[in-house]
Amino acid sequence: MTSPEINPAALASEIARRRTFAIISHPDAGKTTITEKLLLYGGAIQEAGSVTAKEGRSHTKSDWMSIEQQRGISISSSALTFEYRGRHINLLDTPGHQDFSEDTYRTLTAADSALMVLDAARGVQAQTEKLFAVCRNRGIPILTFVNKMDRPAQDPFELLEQLEGILKITAVPLTWPIGDGPDFKGVYDLQTHQVLAFERTSGGKHRAPMQTSGLDDPKLDALVGADLAAKLREDVELIQGAMPEFDPAGFLSGELTPVFFGSAMNNFGVEHFLSNFVELAPPPGAVETNLGERSPEAGFAGFIFKLQANMSKQHRDRTAFMRVMSGHFERGMDVTHTRTGRKLRLSQAHTLFAQDREKVEEAYPGDIVGLVNPGVFQIGDVISVDAKVILPGFPRFTPETFATIGLRDVGKRKAFMKGLTQLAEEGVVQVFYPTDGARDPYLGAVGPLQFEVFQARLQEEYGVEVEMHVTSYQLVRWLAGDPTNVARFARHVEDDQGRPVMLFRSRYDLEYTAEQHPEIEFLPLPKDL
Ligand code: GDP
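Counted from 1, the sequence shown has number 194 at position 194 by UniProt numbering; the numbering is strictly sequential.
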């Protein structure tokens, strides 16, 4: 099939209704719960509870590995899709465990906006900061949902100050909480000037009923109590007097975040958030390429942002996740894999809602399509009807912890190398090879959980058992020059593309080595997103 024709007006309208976003949060803030409620409102699932794997409830659709089920965490990501008020929403499922990997970063490259979820009692946490920084560097708009208002919470003014102080983003509340913990009565919508009253429903499984009334409505006192009503009137006065107005341009450029309050578990505030989200969050925009900005209305192009091997036991194949950047994608269309110039026919395309695969017939900018990967795709690759488009410098992250890895059964070397290559390709770990003839490589990761995931997957998917030891190396630098005489304070290795690299135990070792060996040039770190 040649490049499919589509009426430009139809393409423009599909682009305009797309919203592709990811949720960023510290573990336990409520990302899974919010995802579940969003799907409930989007009609993608009938009753809340089918997404969460925890506490013996039914399995999350994105859980496909036993390690995830054992730990109750989601390690791999996919995209969940639903419709809401005429908008087509793609929610990228980012791993939310304590450590995060390159995979998380890469997933964020496919998002047009992000929802930052905070635990109302804990505020901005370590992981929130790291993921926020990735979104900030990409300049994507960020919305904030302060969750768990049904539990004792920090003062909302203090939470906003944290956003400004720690994350350096202007925080503008669009709703305001009335009480917290057992006294949580609902939120006041600062734009429509209505109160959304909170009513506890059993288990929060169904849509919570909402009542509305204005701030001056005498019924407010009866609804939330005289004390909370007085406090709300005072707070709102303060907000209106002292806080910046919501500025859509500031939001779109990532300088300002609109803040919503609620309780996902109780189904409160999530639909209100969603109805604002579809209006505020941007549709897919132009993408920077080697040929300049590519408009989403140009001919078809997509980029690979994630690779995954062995997604399920039934389908032992490799999947490449592509985000459509521009144009109309149709299954079976002829495209060029622009890095190699190879012609491809995209006949095997599917959306992945975990194990249930559905064939994708067509897709538009912002959509995520899984492609069967016969081994040709790398992260950042472009496939397009235009043979020359590529994305400049797709980012890699910098590992902060390093382990040695040894094979238990040397007869399995071939399977080991295959697993190592495929899992490194996915971004589970980065591999560094010793230059002194030693056989066993070093693995680099952002956090040690990645090593465990790697070890478990090698065993489950490739039948290979390995021993791993976390080393005391903490820093990595790529370098230019001859590093042979520098080995005293560092380990000289090569990355998977044969470039010289050094691992250091401390910043002191790095600085000392740099001082003693001016002939060596330490290259700037690959830019984190
Ligand atoms: P994730 O790790 O960010 O995906 O967090 P989860 O959605 O799994 O939530 C972590 C825990 O907090 C679970 O036990 C949830 O039931 C609970 N939780 C989520 N939202 C709320 C909420 O609004 N109120 C309360 N009290 N608990 C919540």
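Glycine is no exception: its CB is placed at the ideal position from the N, C-alpha and C atoms.
Asked: Alpha-carbon to alpha-carbon, T81 and R17; Found: 13 Å
Asked: Buried or exposed (CB count within 10 angstroms, at least 16 for buried), N7; Found: exposed
Asked: C-alpha distance - N266 paired with I34, whole-angstrom precision; Found: 10 Å
Asked: Distance between F277 and S50 (C-alpha atoms, nearest Å); Found: Residue confidence is low: S50 scores 39 on pLDDT, short of 50, so the model does not pin down where it sits. Its coordinate-derived value is still stated next. Rounded to whole angstroms, S50 to F277 spans 23 Å at the Cα level.
Asked: Cross-strand partners of L307 (DSSP beta bridge); Found: A320
Asked: Close beta carbons around P374, own chain, < 8 Å, minus the five adjacent residues each side; Found: R318
Asked: Straight-line gap, F329 to P296 (C-alpha atoms, nearest Å); Found: 12 Å
Asked: With 16 other Cβ atoms within 10 Å as the buried cut-off, status of Y508; Found: exposed
Asked: Buried or exposed by the 16-neighbour rule on C-beta atoms within 10 Å, applied to G86; Found: exposed
Asked: Burial state of D180 (16 or more Cβ within 10 Å); Found: buried
Asked: The alpha helix (DSSP H) enclosing D189, as first and last residue numbers; Found: No alpha helix (DSSP H) holds D189; the beta strand (DSSP E) holding it covers G186 to D189.
Asked: 3 or more residues per run - each beta strand (DSSP E) lying fully within the segment 217-296; Found: 256-261, 287-289 and 292-294
Asked: Residue range of the unbroken alpha helix (DSSP H) whose run includes P8; Found: P8 to A16
Asked: Neighbourhood of S66 by C-beta distance below 6 Å, restricted to the same chain and skipping five residues each side; Found: Per-residue confidence for S66 stands at a pLDDT of 42, beneath the threshold of 50, marking its modelled position as unreliable; the derived number appears in the next sentence. Cβ neighbours of S66 beyond the five flanking positions: none.
Asked: A121 Cβ short of 7 Å to the ligand GDP heavy atom set; Found: no
Asked: Between the CA atoms of L458 and E199 - distance to the nearest angstrom; Found: 48 Å
Asked: I89 - DSSP class collapsed to helix/strand/coil; Found: strand
Asked: Reduced DSSP category for D495 - H, G, I as helix; E, B as strand; rest coil; Found: strand
Asked: Simplified DSSP state of V431, which is helix, strand or coil; Found: strand
Asked: Meets three-Cβ-pair contact criterion under 8 Å: the segment 440-453 and the segment 506-522; Found: no
Asked: Alpha-carbon to alpha-carbon, V428 and Y462; Found: 15 Å
Asked: Of the listed residues A298, D235 and G42, nearest to P284 (C-alpha basis); Found: A298
Asked: Buried or exposed (CB count within 10 angstroms, at least 16 for buried), P392; Found: exposed
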